Amino acid sequence: MSSVSSADEVEKKQSGLAEEQSAEETSEIGIRINARAVKETKKEKSQSPSAEGDVAYEEELIEELGKKYHVPYRIVKEAEIAVAREQLKSFSDATKLQYDLMTLDPVLKASVNYGKARITIIYNPKGARNLRPKTDLQELLAFLGQRGIQPSSVQERDYDYYKEFYSYTFNPPRIRTRPPYGYDPKKWEKIKEEYEKERLKREEEKRQKFRQWQAAYLERHRDVLSKYPQDLARRHA
Amino acid sequence: MQAREEEQLFAVYHRTKEELERMPVLGKTQTVCPVCKRVIEGTIYRDGDYVMIRKICPEHGTFIEKYWEDYELYDKMRNFQYNGRGLENPNYIPDTSGANCPYDCGICDRHLSHTGLANVVITNRCHLNCWYCFFYAKEGEPIYEPSLDEFKKLFANLRAQRPIPPNAIQLTGGEPTMHPQIVEIVRAAREAGFEQVQLNTTGINLGLDPDLAVRLRYAGVNTLYLSFDGVSMRANPKNHWEIPFILEAARKAEIGIVFVPTVISGINDHELGAMVNFALNHLDVVRAVNYQPVSLVGRMPDKAREQMRITIPGMIKELEEQTHGVINRDHWFSVPYTGIFDKFLEAVAGRYMYDMSIHFACGMGTYLFLDDDKKIVPLPEFVDVLGIYEYLRENYDEIKEEGGITKKLLGIRRFVDEEKQPKSVNFLKLLTNFLMNKDFGSLGAIHHKTLFLGSMHFQDEYNYDVQRVERCDIHYAMPDGEVLPFCTFNVFPEIYRDKIQRQFSIPPEVWKKQHPDWSYSSDKYRRNVKLLQESELYRKVYGGIVDFFALPVNGGKPVPNAKPALPEVQDSAKSSEAFGVRVSQG
Chain A
6 MSSVSSADEV
16 EKKQSGLAEE
26 QSAEETSEIG
36 IRINARAVKE
46 TKKEKSQSPS
56 AEGDVAYEEE
66 LIEELGKKYH
76 VPYRIVKEAE
86 IAVAREQLKS
96 FSDATKLQYD
106 LMTLDPVLKA
116 SVNYGKARIT
126 IIYNPKGARN
136 LRPKTDLQEL
146 LAFLGQRGIQ
156 PSSVQERDYD
166 YYKEFYSYTF
176 NPPRIRTRPP
186 YGYDPKKWEK
196 IKEEYEKERL
206 KREEEKRQKF
216 RQWQAAYLER
226 HRDVLSKYPQ
236 DLARRHA
Chain B
216 MQAREEEQLF
226 AVYHRTKEEL
236 ERMPVLGKTQ
246 TVCPVCKRVI
256 EGTIYRDGDY
266 VMIRKICPEH
276 GTFIEKYWED
286 YELYDKMRNF
296 QYNGRGLENP
306 NYIPDTSGAN
316 CPYDCGICDR
326 HLSHTGLANV
336 VITNRCHLNC
346 WYCFFYAKEG
356 EPIYEPSLDE
366 FKKLFANLRA
376 QRPIPPNAIQ
386 LTGGEPTMHP
396 QIVEIVRAAR
406 EAGFEQVQLN
416 TTGINLGLDP
426 DLAVRLRYAG
436 VNTLYLSFDG
446 VSMRANPKNH
456 WEIPFILEAA
466 RKAEIGIVFV
476 PTVISGINDH
486 ELGAMVNFAL
496 NHLDVVRAVN
506 YQPVSLVGRM
516 PDKAREQMRI
526 TIPGMIKELE
536 EQTHGVINRD
546 HWFSVPYTGI
556 FDKFLEAVAG
566 RYMYDMSIHF
576 ACGMGTYLFL
586 DDDKKIVPLP
596 EFVDVLGIYE
606 YLRENYDEIK
616 EEGGITKKLL
626 GIRRFVDEEK
636 QPKSVNFLKL
646 LTNFLMNKDF
656 GSLGAIHHKT
666 LFLGSMHFQD
676 EYNYDVQRVE
686 RCDIHYAMPD
696 GEVLPFCTFN
706 VFPEIYRDKI
716 QRQFSIPPEV
726 WKKQHPDWSY
736 SSDKYRRNVK
746 LLQESELYRK
756 VYGGIVDFFA
766 LPVNGGKPVP
776 NAKPALPEVQ
786 DSAKSSEAFG
796 VRVSQG
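Which chain is which? The protein sequence lines are A and B, in order. Numbers given in our numbering equal positions in the first sequence, counted from 1, plus 5. Numbers given in our numbering equal positions in the second sequence, counted from 1, plus 215.
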């Protein structure tokens with residue numbers, strides 16, 4: 006099956022689609038739903054970038070300590086879906102389901118926990134103020150339904166992408182200690198602080214060494230570097 | 216290739232079920248179905264000289280792929296495997312604690328190696344259109360090009376990793392030199408504490424603008440990780456014509472070069488020896504050749520895949536053949552071999568060392584010395600590499616105790632054959648300095664007198680092994696704060712690389728508004744073949760190649776394709792255009 010023929014098939018079958026699809030066709034369904042999301046995205050993008058719900062690209066920027074960073078999502082949704090374990094069939098099927106969920110553009114993160122019979126999906130909901138592809142819980146449940154999964158319970162909540170995800174991944178806490186080889190954790194705990202100070206000192210020494218190297222390099226290549234005062238001026242930025 | 220050899224080469228793909236069941240099983244792992252991507256069990260087994268992997272998807276049937284093309288080497292190298300320590304502060308904790316690897320990435324708490332080499336994508340714009348590359352912005356696609364402040368944030372995130380913050384970074388793309396602030400980005404990487412800054416590049420922009428090379432070196436670039444697929448224009452239509460200029464620019468700027476050939480069976484594997492020879496011709500500036508057997512990501516016809524597939528041992532065997540045994544398979548060691556040195560140094564020094572705890576099948580390497588009399592001397596010819604490993608392992612407990620080190624280090628002398636070592640190098644002194652100073656910095660002295668040969672084989676869906684990816688130490692820093700191993704980032708772009716970067720990309724309309732004079736086609740390189748090829752430098756570099764392997768001191772047998780005939784300008788133009796690089800006139 007080439008990717009081209011699948012895409013064609015997707016387009017042809019788009020209109021009728023979805024809920025009526027039988028469970029036997031599950032391998033195709035993920036692609037169809039994904040294609041629908043893509044189609045919606047195209048429609049959105051065909052409008053002016055600032056037109057979608059009055060969202061402009063600039064609104065996706067967030068300010069931290071006076072610097073701007075691109076953070077495409079703010080408040081999105083997290084759905085925690087409990088299912089009967091048999092519906093996930095096997096560990097292997099659970100991984101496939103997780104993979105398929107992750108291929109959906111509006112899904113930011115997905116996890117299918119076979120042991121705990123739990124599906125967690127973080128997704129970009131319809132109506133969210135951003136330019137990115139969106140979906141809703143009904144569509145996601147329909148997607149699961151096409152795989153024979155009927156949730157026993159669904160809990161949905163607002164998920165602050167910036168605070169709960171982005172800020173975590175950029176500042177993850179230590180969850181364990183891994184001492185150097187030959188050191189047990191207790192012994193290491195006593196000298197860790199001192200080690201960290203030493204490490205920072207060594208790093209600063211290395212920076213100094215690099216600056217000294219730069220000064221010597223500048224002497225050797227002044228003919229070239231003098232043409233680029235901006236490179237020299239920002240040397241110690 | 217002889218018909219019989221060819222038959223053997225492909226026969227391993229076409230065994231019957233009964234034949235497969237008779238093959239000795241070497242191990243079990245988890246892998247993925249190349250079609251539906253479900254995680255399934257993989258069986259690693261021996262088929263004659265080869266190590267293979269097979270798997271059965273309940274929906275899509277059986278898949279067989281070469282894992283390593285040399286059983287003996289596999290058997291020897293697997294002994295070096297060990298588990299690293301991962302991160303104390305993993306960036307993502309999935310609900311499954313990594314059980315669904317490789318779909319729980321971020322990097323998760325299951326991962327076993329710290330970031331050894333951090334990769335950061337600078338831009339998805341590229342000046343070339345290589346047919347096999349999926350990662351550059353095509354017409355109408357969004358542009359991924361973070362700002363300087365965003366890069367600073369990514370660098371800080373990487374450097375915050377504990378217990379071992381990465382000190383090596385590779386800036387990649389697209390073509391990283393297309394970012395207008397590339398000099399500032401390099402400077403920011405240095406300021407963040409990265410001591411080794413590599414630029415993964417075609418080199419074309421540096422060859423044509425040598426000032427840029429100087430500016431980048433001054434800002435902190437140590438190494439060009441340079442795409443180099445062969446010596447001849449047929450093997451290397453990407454940058455064959457610019458290579459002489461790139462070498463010259465790097466020489467003037469004092470930047471070291473690592474040649475990075477993507478090795479594809481039947482396309483450029485006939486020039487493996489020629490590439491080493493070419494590197495030896497420029498040893499003043501070329502530090503390494505790092506072969507990368509092709510990773511066949513994405514669906515492709517079975518026959519094409521079988522023909523293109525080559526693994527690390529396959530590459531090593533071809534290199535041995537082409538260099539008439541001067542560089543042979545016994546000279547190569549798997550990367551985790553170095554783990555014993557890390558353990559030893561940490562225990563003695565009481566501080567963290569770089570842990571090279573990747574999977575043994577992911578990478579191998581060796582060192583060559585080019586002596587004053589032009590003799591090529593691979594390091595294992597005068598160092599008992601295995602002997603040192605065993606010695607350190609057996610004496611680890613004693614050495615790490617106070618005072619044990621000096622006495623025991625004297626014992627290492629017996630593993631170096633001073634008679635055989637190159638006349639220009641006192642290796643024993645270098646090794647002792649390295650171990651006594653407890654610092655990899657001492658190895659710098661070795662690097663400048665040698666050529667490092669390495670090989671990294673990145674995975675694809677066919678040979679995927681979760682035990683490999685969970686040990687990966689080449690990690691991509693993502694704009695959403697996640698950190699991804701190379702072989703999740705690139706093998707599943709639809710859920711990692713492309714998906715996340717698209718989320719953080721700038722829509723084309725916005726990009727065009729910000730850059731009114733820009734278009735997709737204006738980014739593309741036009742090659743002036745005539746000017747390049749008729750230059751004195753081009754003729755000097757390709758016309759003056761010395762075949763070191765043909766010298767009597769090295770056995771007097773030339774390596775194939777060492778000196779390609781200088782092509783006609785017309786043929787060059789055709790070759791360039793066939794590859795997708797337009798040719799300009801005049």
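From the three backbone atoms N, C-alpha and C, an ideal C-beta is built for every residue, glycine too. Every value quoted in this text rests on a predicted model; they were computed, and no experiment measured them.
On the three-state DSSP scale, how would you describe S734/B?
-> When DSSP states are grouped into helix, strand and coil, S734/B belongs to the coil group.
Beta-carbon of V491/B versus every beta-carbon of chain A: anything under 7 Å? Closer than 7 Å: no.
Looking only at C-alpha atoms, which of N505/B, P637/B, G602/B, G408/B sits nearest to K211/A? The shortest Cα separation from K211/A among N505/B, P637/B, G602/B, G408/B belongs to G408/B.
message: At 3 residues or longer, what runs of the beta strand (DSSP E) sit wholly inside the region 227 to 298 of chain B?
response: Taken in chain order, the complete beta strand (DSSP E) segments of 3 residues or longer contained in the region 227 to 298 of chain B are 240 to 247, 254 to 262, 265 to 272, 276 to 283.
According to DSSP, is M523/B part of a helix, a strand, or is it coil? In this structure, M523/B counts as helix in the three-state DSSP scheme.
Is it buried or exposed, R216/A, if we count other Cβ atoms within 10 angstroms and call 16 or more buried? Result: exposed.
Next on the checklist: Please classify N420/B as buried or exposed, where buried requires at least 16 neighbouring CB atoms within 10 angstroms.
Outcome noted: The residue in question, N420/B, is buried, as its Cβ has 16 or more Cβ neighbours within 10 Å.
Using a Cβ-Cβ distance under 7 Å, would G408/B count as near chain A?
Yes, contact with chain A.
Which of the three DSSP states, helix, strand or coil, is assigned to F370/B? F370/B: helix per DSSP, three-state reduction.
Q | Coil, strand or helix - K772/B by DSSP | A | K772/B falls in the coil class under three-state DSSP.
Member of E535/B, V401/B, S790/B whose CA lies at the smallest distance from the CA of L427/B: When only C-alpha atoms are compared, the closest one is V401/B.
For the 8 Å Cβ check, are there 3 or more pairs between the region 303 to 312 of chain B and the region 271 to 284 of chain B? At 8 Å Cβ cutoff, the stretches do not touch.
Please state the DSSP three-state secondary structure of V796/B. For V796/B, the secondary structure class from DSSP, reduced to helix, strand or coil, is coil.
Worksheet item: At least one CB of chain B closer than 7 Å to the CB of K101/A: is that the case?
Response: At least one chain B Cβ lies under 7 Å of K101/A.
I'd like to know if K72/A contacts chain B, where contact means its C-beta is closer than 7 Å to some C-beta of that chain.
Chain B contact via Cβ: present.
task: Return helix, strand or coil for Y74/A, following the three-state DSSP convention.
output: Y74/A carries a strand assignment under DSSP once its states are collapsed to helix, strand and coil.
Is the CB of P185/A under 7 Å away from at least one CB in chain B?
Cβ-Cβ to chain B under 7 Å: yes for P185/A.
- Would you mind reading off the limits of the beta strand (DSSP E) that contains L441/B? Note, L441/B: beta strand (DSSP E), 436 to 442.
**Contact with chain B by I175/A, beta-carbon distance below 7 Å** = Going by the sequence as given, residue 175/A is Phe instead of Ile. For F175/A, at least one C-beta of chain B is nearer than 7 Å to its own C-beta.
For this session: Determine the extent of the alpha helix (DSSP H) in which F96/A is found, giving its start and end residues.
Result: That run of the alpha helix (DSSP H) goes 96 to 108.
Notebook entry, point to check: Which two residues bound the contiguous beta strand (DSSP E) that contains T665/B?
Noted result: Per DSSP, T665/B belongs to the beta strand (DSSP E) from 665 to 671.
* **Close-in-space but distant-in-sequence residues of the same chain around Y104/A (CB under 7 Å, 5 per side omitted)** => Closer than 7 Å at Cβ, skipping near neighbours: no residue.
- Item | Extent of the continuous beta strand (DSSP E) to which V412/B belongs | V412/B -> beta strand (DSSP E) spans 411 to 416.
| query | Which one of A777/B, I721/B, Y753/B has the shortest CA to CA distance from P357/B? | reply | Here the closest residue by C-alpha is I721/B.
Here's a check: name, in chain order, each residue in its chain whose Cβ is nearer than 8 Å to the Cβ of V227/B, leaving out the five neighbours to either side. Non-local C-beta neighbours of V227/B in its own chain, meaning closer than 8 Å and more than five positions away in sequence, comprise D262, G263, Y265, M267, I279, K281, ordered along the chain.
Fill in: Cβ pair count under 8 Å reaching 3, the region 119 to 132 of chain A against the region 67 to 87 of chain A
Touching, yes, given that three or more Cβ pairs across the two stretches are closer than 8 Å.
message = Cutting at 6 Å between CB atoms, please list the residues of its own chain near V512/B, excluding the five before and the five after it.
response = Excluding positions up to five away in sequence, the list reads D675, V706.
Short Cβ contact (7 Å threshold) for A115/A with L106/A: Less than 7 Å separates the beta-carbon of A115/A from that of L106/A.
Let me check understanding here. Comparing Cα to Cα, which of L487/B, T338/B, I470/B, P700/B lies closest to W325/B?
Sequence check: residue 325/B is Arg here, not Trp. Of L487/B, T338/B, I470/B, P700/B, the residue nearest in Cα terms is P700/B.
Practice item. Sort out for me which residues DSSP pairs R123/A with in a bridge. Key: Listed as beta-bridge partners of R123/A by DSSP are A87/A, N118/A.
Please confirm whether R162/A has its beta-carbon closer than 7 Å to some beta-carbon of chain B.
Contacts with chain B at 7 Å (Cβ-Cβ) do not include R162/A.
**OP:** Kindly say whether P111/A, judged by its beta-carbon, lies nearer than 7 Å to any beta-carbon of chain B.
**Re:** Chain B contact via Cβ: absent.
Open item on the list: Among E360/B, L363/B, S362/B, N344/B, whose alpha-carbon lies nearest the alpha-carbon of E354/B?
Closed with: Nearest C-alpha to E354/B: N344/B.
Specify whether the region 428 to 441 of chain B and the region 476 to 486 of chain B touch according to this definition: at least 3 beta carbon pairs, one from each stretch, less than 8 Å apart. Touching, no, given that fewer than three Cβ pairs across the two stretches are closer than 8 Å.
P452/B beta carbon less than 7 Å from that of S799/B: Not in contact: S799/B and P452/B (Cβ atoms no closer than 7 Å).
Taking C-beta pairs closer than 7 Å, name the residues in chain B that E194/A reaches, listed in chain order. None at all; the shortest Cβ gap to chain B is about 13 Å.
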